[in-house]
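Protein chains in written order, with the working numbering: chain A, 1 to 361; chain B, 1001 to 1231.
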């Protein structure tokens, strides 16, 4: 009987964009147990809510994560608006939906690139990131920032879309969709990719439910969990949103879900552009958040994030709490790592799309 | 399952223009509206300090005593909150990114305030409250905010918009109070006053704080007479 060897994985590892550490207990080449540990990028951003006023904190909330920054800004202002009883104009809701979906496209393209890179498929990685550049340019033009957008504010959004921007966005997205489909074919049909992903890291539907998995990870196991279905504020109801699901639960299914979601998000953005209502993009905000609590959710590219705020009637909130999707997906990751080959560990870790800076805040 | 599926794209890439640009030979073209760096038009700046208070990163320092406006570009997060809240609109966001630097040097501007708006040296609290008649001298331009109380309705717009929190309006007591030591002379209250009863003037004896009693409007009669506040 072989002895158990412990191999440390991370926090510095070529496939990891962010630091997470795993102790892999191996018997020969098979992982018997994986013990994760986090805490390398904790910045104490939640505590900062006591020092910054509730409007300033929007900028801090956005900086929780560089990839899903718009969603964090939106989640925070949504919670504050709920606490203060502010109703956001419809046009602002549509614009928020549009930018949020655009950031989902950017996040998924970034992830597809990283996944290709983890397999050693460098040219596919470059192709994915070249497509992402189109999305970043669109962001730069419409919001003024490439990664941190600072367009969400309590009471609406800070910028409006002009007619020219709308036309350009439509054209660029349609062009990008064509190129994306060609790239998508490689992910779906290439033999090398199939052999690295199909049947690897299988998470059953029951396990996905038991371990509380979220986002694309849960949806790849056939669990149709998507907060966008229940979202009242955004434009999802008007656009008849339906979540994307896959049944296999393996790494390939998680890639397929994300590929499909990019197509869907581009569709949602084009829908938002077509049905963009007229009117103001913000309402004036008077006073401070009253004493009370409010919690809300946003479907981030990695899954559902929960936002909680507690006000005390002053300009500073008393508490801000954020539960991010990576938190929910780590137990599932530990489960799927059990029994896999050491060589597949990087791929499996990447397919949960870990975002550790969100997770630790 | 098939192999070499990427070949078509890889060969196609050979005949395409490169996706990257040869920086720095070809400088980056910034689109309009990009948040690159903050600039201050010091000729219009009144050192009110609103930018310093709204900056979430604490990158701006305003010192009225030495007349300096200081921005640390390495702390600035380009959120444009200062630009949005500047009462004089002297701050603006320019699209070019700050150039890389070897030393972390701050941008420091000397702002020359107009002589009239320089705060008088406050030797001490004036013993008697300022004469409300000072409001009548508003015609002679001064640097202090005066209130023509005969037109004032205690709506509180000045209090709400004051970036320095220098004005307190009490509708119940019918008093209008200004803390002249905190007032930054930004004129925001004057611009926002719906009754146009606020103006620039001066109080006698350079008081630190002025409290004015606002007369009740007479019901069913012509508007109250000017220049007769019952203090």
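All residues carry an ideal CB built from backbone N, CA and C; glycine is no exception.
_For residue 295 (chain A): DSSP bridge partner residues_ = Here residue 295 (chain A) is bridged, per DSSP, to A:308.
*Alpha carbon to alpha carbon, what distance is there between residue 208 (chain A) and residue 256 (chain A)?*
Cα to Cα, residue 256 (chain A) sits roughly 17 angstroms from residue 208 (chain A).
*Min CB distance residue 1084 (chain B) to chain A below 9 angstroms*: With 9 angstroms as the cut-off, residue 1084 (chain B) counts as an interface residue toward chain A.
*Using DSSP bridges, identify the partner residues of residue 1039 (chain B).*
DSSP output for residue 1039 (chain B) lists B:1092 as bridge partner(s).
_Under 8 angstroms by beta carbon: chain A residues contacting residue 1002 (chain B)_ = Within chain A, the C-beta atoms nearer than 8 angstroms to that of residue 1002 (chain B) come from 189, 190 and 191, in chain order.
*Measure the C-alpha to C-alpha separation of residue 70 (chain A) and residue 1162 (chain B) and round it to an integer number of angstroms.*
Approximately 31 angstroms, taken between the alpha carbons.
*asked:* Tell me which residue opens and which closes the alpha helix (DSSP H) that residue 332 (chain A) is part of.
replied: If you look at residue 332 (chain A), you'll find it in the alpha helix (DSSP H) that goes 325-337.
*As assigned by DSSP and simplified to three states, the class of residue 285 (chain A)*: It is coil, neither helix nor strand.
_Residue-chain proximity (residue 194 (chain A), chain B), Cβ-Cβ < 9 angstroms_ = True, the Cβ-Cβ gap to chain B drops below 9 angstroms.
*Is the beta carbon of residue 310 (chain A) sitting closer than 9 angstroms to the one on residue 292 (chain A)?*
Yes.
*Go through its chain and collect everything with a Cβ distance to residue 272 (chain A)'s Cβ below 6 angstroms, but skip five positions before and after it.*
Taken in chain order, the residues that qualify are 94, 97, 98 and 235.
*Residues, ordered as in the chain, of the stretch 113-124 of chain A that lie near chain B by beta-carbon distance below 7 angstroms*: Answer set for the stretch 113-124 of chain A: 123 and 124.
*Under 9 angstroms between C-beta atoms, does residue 1088 (chain B) make it to chain A?*
So, not an interface residue.
*For residue 278 (chain A), name the three-state secondary structure that DSSP assigns.*
Annotated three-state conformation of residue 278 (chain A) is coil, per DSSP.
*State the DSSP-derived secondary structure class of residue 1120 (chain B), mapped to helix, strand or coil.*
Residue placement at residue 1120 (chain B) is poorly supported in this model, since its pLDDT is 45, which falls under 50; the coordinates still yield a value, given next. Annotated three-state conformation of residue 1120 (chain B) is coil, per DSSP.
*Could you tell me the boundaries of the beta strand (DSSP E) in which residue 8 (chain A) lies?*
4-9 is the extent of the beta strand (DSSP E) around residue 8 (chain A).
*Segments assigned alpha helix (DSSP H), at least 4 residues, entirely inside the stretch 125-189 of chain A*: Those alpha helix (DSSP H) runs which fall completely within the stretch 125-189 of chain A and span 4+ residues are 163-189.
*Kindly identify the DSSP beta-bridge partner or partners of residue 348 (chain A).*
None, per the DSSP bridge assignment.
_Tell me whether the stretch 1077-1093 of chain B and the stretch 142-151 of chain A touch, counting them as touching only if at least three CB pairs, one residue from each stretch, are closer than 8 angstroms._
Taking one beta carbon from each stretch, the stretch 1077-1093 of chain B and the stretch 142-151 of chain A have 3 or more pairs nearer than 8 angstroms; the two touch.
*Measure from the C-beta of residue 1059 (chain B) to each C-beta in chain E and report whether the shortest distance is under 9 angstroms.*
Here the protein chains are A and B, and chain E is not one of them.
*By Cβ distance below 6 angstroms, which residues in the same chain neighbour residue 84 (chain A) in space, the five residues on each side in sequence not counted?*
Correct list, in chain order: 289.
*What do you get for residue 1171 (chain B), buried or exposed, if any count of 16 or more other CB atoms within 10 angstroms of its CB means buried?*
Residue 1171 (chain B) should be labelled exposed.
*asked:* Using a 10 Å radius around the Cβ and a threshold of 16 neighbouring Cβ atoms, would you call residue 8 (chain A) buried or exposed?
replied: That one is exposed.
*Would you kindly work out how many angstroms separate the C-alpha atoms of residue 46 (chain A) and residue 323 (chain A), rounded to a whole number?*
Straight-line Cα distance between these residues: approximately 11 angstroms.
*For residue 156 (chain A), count neighbouring C-beta atoms within 10 Å of its own C-beta (all shown protein chains included) and say buried if the count is 16 or more, exposed if not.*
With a 10 Å radius around the Cβ and a threshold of 16 neighbouring Cβ atoms, residue 156 (chain A) comes out buried.
*If the cut is a Cβ gap below 9 angstroms, which residues of chain B does residue 92 (chain A) touch?*
Within chain B, no residue has its CB atom less than 9 angstroms from the CB of residue 92 (chain A), the nearest being about 16 angstroms off.
*CA-CA distance, residue 1009 (chain B) and residue 1096 (chain B)?*
Their Cα atoms are separated by approximately 35 angstroms.
_Counterpart residues of residue 367 (chain A) in DSSP-defined beta bridges_ = Lying outside 1 to 361, the shown extent of chain A, residue 367 (chain A) is not represented and no answer is given.
*Applying a beta-carbon distance threshold of less than 7 angstroms, which residues of chain B neighbour residue 185 (chain A)?*
Those are 1005, listed as they occur along chain B.
*For residue 1033 (chain B), decide whether its Cβ has a neighbour in chain A, counting only Cβ atoms nearer than 9 angstroms.*
Look at residue 1033 (chain B): its C-beta is under 9 angstroms from a C-beta on chain A.
*asked:* Suppose contacts are defined by Cβ-Cβ distances below 9 angstroms. Is residue 301 (chain A) in contact with residue 152 (chain A) by that definition?
replied: Result no, Cβ atoms of residue 301 (chain A) and residue 152 (chain A) do not sit closer than 9 angstroms.
*Helix, strand or coil at residue 250 (chain A) [DSSP, three-state]*: In the displayed model, residue 250 (chain A) falls within coil according to three-state DSSP, outside both helix and strand.
*Report yes or no: is there a C-beta of chain B within less than 9 angstroms of the C-beta of residue 320 (chain A)?*
Taking Cβ atoms only, chain B never reaches closer than 9 angstroms to residue 320 (chain A), which makes this a no.
*Straight-line CA distance for residue 1188 (chain B) to residue 87 (chain A)?*
Each residue's Cα considered, the two are about 28 angstroms apart.
*asked:* Please state the DSSP three-state secondary structure of residue 354 (chain A).
replied: Residue 354 (chain A) falls in the coil class under three-state DSSP.
*Between the Cα of residue 1202 (chain B) and the Cα atoms of B:1193, B:1011, B:1158 and B:1147, which residue gives the shortest distance?*
Of B:1193, B:1011, B:1158 and B:1147, the residue nearest in Cα terms is B:1147.
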